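Quick note on the UniProt record's numbering: the sequence shown kicks off at 1 and runs consecutively. Quick reminder that beta carbons are idealized off the backbone N, C-alpha and C, glycines included. Note that the structure is a prediction, hence the values are computed from the model and not measured. Heads up: the structure comes next, in structure tokens.
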Amino acid sequence: MIKGPGTPPAARTDRARPGKICVVIDLDETLVHSSFKPISNADFIVPVEIEGTTHQVYVLKRPHVDVFLQRMGELFECVLFTASLAKYADPVTDQLDQRGVFRTRLFRESCVFHQGCYVKDLSRLGRQLSKTLILDNSPASYIFHPENAVPVVSWFDDLKDAELLNLLPVFEELSRAEDVYSRLGQMRAP
1 MIKGPGTPPA ARTDRARPGK ICVVIDLDET LVHSSFKPIS NADFIVPVEI EGTTHQVYVL
61 KRPHVDVFLQ RMGELFECVL FTASLAKYAD PVTDQLDQRG VFRTRLFRES CVFHQGCYVK
121 DLSRLGRQLS KTLILDNSPA SYIFHPENAV PVVSWFDDLK DAELLNLLPV FEELSRAEDV
181 YSRLGQMRAP
């Protein structure tokens, strides 16, 4: 059941996991880094058609992303929400998420274009905002809901990066929260 015109597919109530907090997770520079230029150590290559021409997209997985996604899928209802186009992000996510952690995938067309940025409007997901988090490297993506955000440092190619592992204890704690606002507020307090 869709809750009104323009509501993204994640609003379908059959997709929600009752009792679990929903975590909206970004793709590019949060979980992976992609390039049209060849990367010798790419984890995988995805063909993407743009204006009738097929291009190879070289994708690096952020260190520890597999462990991170597996644990996130155990703790939360996970929704992929990217400002990228589906023709690129869908095949990348197929390769990245072979265990099916993401119950729903949302792409650029589900974003709100606001002041030159693609914003992920969490209020359109059909979930209680007090039980919804967003993990994203771009503050502009969550400008409508900064109080729901768990910021993450942008990642491009640092193979020693441990950001996702370092975030797991934070998410473990958030998974037990009755209200993400109060718990995030406590965690942010000096």
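Candidates the options: closest to residue i by CA position
| i | options | result |
| --- | --- | --- |
| residue 142 | 121, 190 and 160 | 121 |
| residue 89 | 107, 116, 98 and 77 | 107 |
| residue 160 | 65, 73 and 21 | 65 |
| residue 81 | 99, 24 and 177 | 24 |
| residue 43 | 36, 138, 96 and 27 | 96 |
| residue 39 | 146, 59 and 94 | 59 |
| residue 94 | 124, 116, 37 and 61 | 61 |
| residue 53 | 36, 41 and 63 | 36 |
| residue 85 | 27, 114, 131 and 138 | 27 |
| residue 171 | 189, 190, 131 and 114 | 131 |
Beta-carbon proximity check, residue i vs residue j, cutoff 8 Å
| i | j | result |
| --- | --- | --- |
| residue 29 | residue 87 | no |
| residue 150 | residue 135 | yes |
| residue 46 | residue 101 | no |
| residue 182 | residue 76 | no |
| residue 55 | residue 156 | no |
| residue 21 | residue 177 | yes |
| residue 99 | residue 73 | yes |
Residues of its chain near residue i, where Cβ-Cβ distance is below 7 Å and the 5 sequence neighbours each way are ignored
| i | result |
| --- | --- |
| residue 71 | 168 |
| residue 83 | 108, 111, 118 and 141 |
Nearest-angstrom Cβ-Cβ length linking residue i and residue j, presumed shorter than 8 Å
| i | j | result |
| --- | --- | --- |
| residue 133 | residue 79 | The pair is not a contact, with the Cβ atoms about 10 Å apart (cut-off 8 Å). |
| residue 68 | residue 164 | 4 Å |
Minimum Cβ-Cβ distance from residue i to chain B less than 8 Å
| i | result |
| --- | --- |
| residue 30 | Among the chains in the structure shown there is no chain B, since it carries only a single protein chain. |
Neighbourhood of residue i by C-beta distance below 6 Å, restricted to the same chain and skipping five residues each side
| i | result |
| --- | --- |
| residue 145 | 122 |
Cutoff 8 Å; reference residue i; Cβ partners in own chain excluding five residues on either side
| i | result |
| --- | --- |
| residue 41 | 60 |
**Q.** Whole runs of the beta strand (DSSP E) within the UniProt domain "FCP1 homology" (16-174), excluding any shorter than 3 residues
**A.** 22-25, 32-35, 44-50, 53-61, 77-81, 102-106, 112-114, 117-119, 132-136 and 149-151
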